[in-house]
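Heads up: the sequence shown runs through residues 177 to 754, numbered per the working numbering. Just below is one structure, and these are the notes that go with it.
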Amino acid sequence: MKKTGAALARFALEQLGVTHTFGIPGVHNTELYDELNASGQIQPVLVAHECGAAFMADAVSRTGDSIGTLAIVPAAGVTHAASGIGEAGLDGIPMLIISGGIHSENGRRYQLHDIDQHSLLKPITKASFRILSHAEVIPTFYEAYRIATSGEPGPVFIELPYNIGNFLGEVDGLPAYQHDAASSDILPDSRVVQQAAQMLVNARQPGLFVGWGAVDAQPQLVELAELLGAPVCTTLQGLSAFPGNHPLHVGMGFGAYAVPAAENAFANCDCLLAVGTRFSEIPTGSFSMPVPEQLIHIDINPEVFNANYPASLTLAGDAVQILPALLAEVRALQPQPRGAALTEQIARDKAAYLQSWLQHDSKGRVNPAHFCQELRRQLADDAIVVVDDGNHTFLLAELMPIHIGRGFISPSDFNAMGYCVPAAIGAKLANPQRQVVGVVGDGALRMTGLETLTASSLNVGVPLFVFNDGELSQIAQAQEVPYNRKACTVLKPLKIAALAEATGAAFVSIESNQDCAAGIAEALRLAATGQPVLVDVHIDYSKRTRFTEGVVKATLKRFTPRDKVRVVGRALWRRVTG
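Structure representation (structure tokens):
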């Protein structure tokens, strides 16, 4: 039979269960967009910018049942999307990136969009393919999907040249996709699992540190923590891997950069079970986490073992397979209950830390803890909270409990600003029946705020709470101590009401604590009607998070004596001279 490459691509995507593609059509993929438009299963979403498309696709993969998929033009579309592709690449998120490509057979040089896309994307993708015949289209899409979703997931790039995608070619048939379950049936070494269980049961105070790789094993983690009487902390990306309202949950990380509940609960930890985490810079407080000598590390990617902290025992594999086996071994050893002292201490520490925030004088602006308390009160347990990169990220990490797996998504190791607005749209498209809310800084809003127009054109009801303080506050705070200057971090005021009007969104203003309850309720009500909502939150950032304070101290400690004297001396001198 004869089919265009675009028709074959559409068939393959439908077989793979893709529900949305994100991008902008161009001369190289017009046929593909025509096919997608005719699909009864796939909705092609026109975005304002390909960077937003990649963040939307990322959120679909993190929160939905299908793989996030881009349909973009070559060259400029690829470079625009690279930040979102890189975010997925470093965070281990599956993604399919389908780009057009130059005519592969006309022999001409300097064609439109003629660059080596594969070299460009190599560092941030798991694999890339350039299709050279119609017969390759469907098998390539299936193989790309297999690579993207197996092992440690990640993005995979497919280039569909103009002459393959737009023109007819011979194929033998349309083979259905068949899932290969063999790769997911790899079981852990039972002897190592038994050894890990023995170490945990014999420890005076075991602890759990969990990341995104454990996000689908929440029930097993809860039972394991309860059996061991072990406190549980998470990475930033893995905040939803353990329920934030559980008595053993303590927050993000542990050590001097973590909230008091985490620092105190892990003070005597002599055996740490780390699951689905790479011990990267953010969740370890710039590598200041005091990891005990007895470290049991479980991860699907064995390359992460011993990278930053030496492990006593390693188990390579999916947490969903390993944790049930470990849980069975711990159960068989019948660990002695450790009593209620730990959970009582955690509860006291959490209450005291929250009170320290609520008592902080925000001078008429919105206290972050008051906002988070009210937002949590009004949200359903299964709501999805999407944040950006900035000071608000760590405020929510410390003050906003997340109750359900995959209920919190944010940029993490790649740490790209501009994530929240498009990611909230992607999450809502993937979960139309659930509440999805975004919290974004006024700096990050400038990057991708026009995607609000995408939301209004699709009737995607997401409230976007803009923490508006007039600064790039996370960096501005980092500048204050060493420099006593704010270089390029003070922002010209943005008229958020005007942006809402320009993009077809509703607008709500929250100027003080007294406005929070009614403002949040109104934003949720408007969003429920299918309208995006921009909420101008006059946030107070005068109190720093424990994370910010801890990371500044940890970073300074690593300086050489000469550099430490230089930085401290300059800071003191500028305090005096202004």
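Each residue gets a CB set at the ideal place from its N, CA and C atoms; glycine is no exception. All values derive from a computational prediction rather than experimental measurement.
Cα-Cα separation, residue i to residue j
i      : j      : result
Tyr717 : Asn660 : 17 Å
Ile143 : Ile300 : Any answer about residue 143 is impossible in this case: the structure gives the chain only from 177 up to 754.
Arg622 : Pro270 : 27 Å
His473 : Phe430 : 16 Å
Phe547 : Leu710 : 16 Å
Val675 : Thr624 : Position check: residue 675 holds Leu in this sequence, whereas Val was assumed. Whole-angstrom Cα-Cα distance: 12 Å.
Pro407 : Leu296 : 43 Å
Gln707 : Val638 : 7 Å
Ser326 : Gly389 : 13 Å
Gly349 : Leu502 : 46 Å
Ala528 : Ile522 : 10 Å
Asp241 : Pro436 : 37 Å
Arg734 : Tyr433 : 15 Å
Asn759 : Asn444 : In the structure as shown, the chain starts at 177 and stops at 754, and residue 759 therefore has no counterpart that could be examined.
Ala438 : Pro669 : 37 Å
Ile585 : Gln554 : 19 Å
Pro337 : Gly493 : 37 Å
Gly387 : Leu397 : 11 Å
Arg507 : Val254 : 50 Å
Ile672 : Thr679 : 11 Å
Leu756 : Arg701 : Not covered by the structure: residue 756. The range shown for the chain is 177 to 754.
Leu442 : Ala663 : Here residue 442 turns out to be Phe, not Leu, going by the sequence shown. Phe442 and Ala663: Cα-Cα distance of roughly 38 Å.
Asp537 : Ala373 : 48 Å
Phe198 : Ala603 : 13 Å
Residue i vs residue j beta-carbon contact at 7 Å
i      : j      : result
Ser632 : Ala681 : yes
Val369 : Glu505 : yes
Pro364 : Leu491 : yes
Phe333 : Ser304 : yes
Glu550 : Cys447 : no
Gly277 : Pro250 : yes
Val223 : Ala229 : yes
Gln611 : Ala697 : no
Pro587 : Asp618 : no
Ser275 : Ile248 : yes
Glu263 : Phe590 : yes
Arg541 : His714 : yes
Thr153 : Glu520 : An answer regarding residue 153 cannot be provided, because it is not within the stretch 177 to 754 covered by the chain.
His196 : Leu605 : yes
Thr705 : Gln653 : no
Val743 : Gly461 : no
Ile323 : Lys298 : no
Gly646 : Ala620 : no
Ala183 : Glu211 : yes
Pro351 : Gly265 : no
Val636 : Cys596 : no
Val347 : Gly181 : no
Asp525 : Asn440 : yes
Reference residue i; option with closest CA among the options
i      : options                        : result
Leu208 : Glu226, Arg742, Leu189, His225 : Leu189
Leu667 : Gln650, Glu677, Lys526         : Gln650
Gly405 : Leu424, Lys671, Tyr321         : Leu424
Phe385 : Glu312, Phe343, Glu335, Leu471 : Leu471
Asn689 : Lys539, Asn342, Arg507, Ile307 : Lys539
Ala699 : Ala620, Val615, Leu629, Lys671 : Val615
Ile601 : Phe418, Asp589, Leu626         : Leu626
Asn607 : Val561, Ser532, Leu648         : Val561
Asp392 : Glu328, Asp290, Val496         : Val496
Ala185 : Pro658, Tyr353, Ala673, Ala694 : Tyr353
Arg514 : Glu402, Ala372, Gln535         : Glu402
Ile291 : Gly265, Glu335, Ile273         : Glu335
Val657 : Thr731, Ala599, Cys596, Arg285 : Thr731
Ala320 : Leu534, Ile243, Leu489         : Ile243
Val467 : Asp475, Gln394, Cys409         : Cys409
His762 : Tyr318, Ser366, Phe343         : In this structure the chain extends from 177 to 754, so residue 762 is not present and cannot be described.
Pro500 : Gly193, Ser366, Glu328, Asn213 : Ser366
Lys178 : Pro459, Leu288, Ile200, Gly341 : Gly341
Arg751 : Gln655, Ala603, Gly695, Trp533 : Gln655
| message | Quick check on the DSSP output: what are the complete alpha helix (DSSP H) runs of length 4 or more inside the region 633–682, in order along the chain? | response | Taken in chain order, the whole alpha helix (DSSP H) runs of length 4 or more contained in the region 633–682 are 649–659, 672–679.
Count the CB pairs spanning the region 365–381 and the region 565–572 that are closer than 8 Å, and state whether there are at least three. no
**Prompt:** Which full runs of the beta strand (DSSP E) of 3+ residues lie inside the region 441–477, going along the chain?
**Reply:** The qualifying runs are 447–451, 470–475.
**Request:** Check whether the region 640–647 touches the region 733–742, counting contact only when three or more Cβ pairs, one atom from each stretch, lie closer than 8 Å.
**Result:** no
Q: Jot down the residue ranges of each uninterrupted alpha helix (DSSP H) in the region 316–355, minimum 4 residues, whole runs only, in chain order.
A: List check, alpha helix (DSSP H) in window: 338–342.
Between the region 403–414 and the region 426–443, do at least 3 Cβ pairs fall closer than 8 Å?
The answer is yes - the region 426–443 touches the region 403–414, with three or more Cβ pairs under 8 Å.
Q. Counting pairs of beta carbons, one from the region 222–241 and one from the region 266–281, are three or more of them closer than 8 Å?
A. The region 222–241 vs the region 266–281: in contact.
contact_flag[the region 453–466, the region 475–485] where n(CB pairs < 8 Å) is 3 or more: A contact exists between the region 453–466 and the region 475–485.
List, from N- to C-terminal side, the beta strand (DSSP E) runs of 3 residues or more that fit wholly inside the region 196–255. 196–199, 219–222, 244–248
Worksheet item: Are the region 199–206 and the region 570–590 touching, with three or more C-beta to C-beta distances below 8 Å?
Response: no
Report the residue ranges of all beta strand (DSSP E) runs contained in full by the region 509–572; include only those spanning at least 3 residues, in chain order. Correct list: 560–563.
**Prompt:** At which residue ranges does the region 675–744 contain complete beta strand (DSSP E) runs of 3 or more residues, listed in the order of the chain?
**Reply:** 682–686, 709–713
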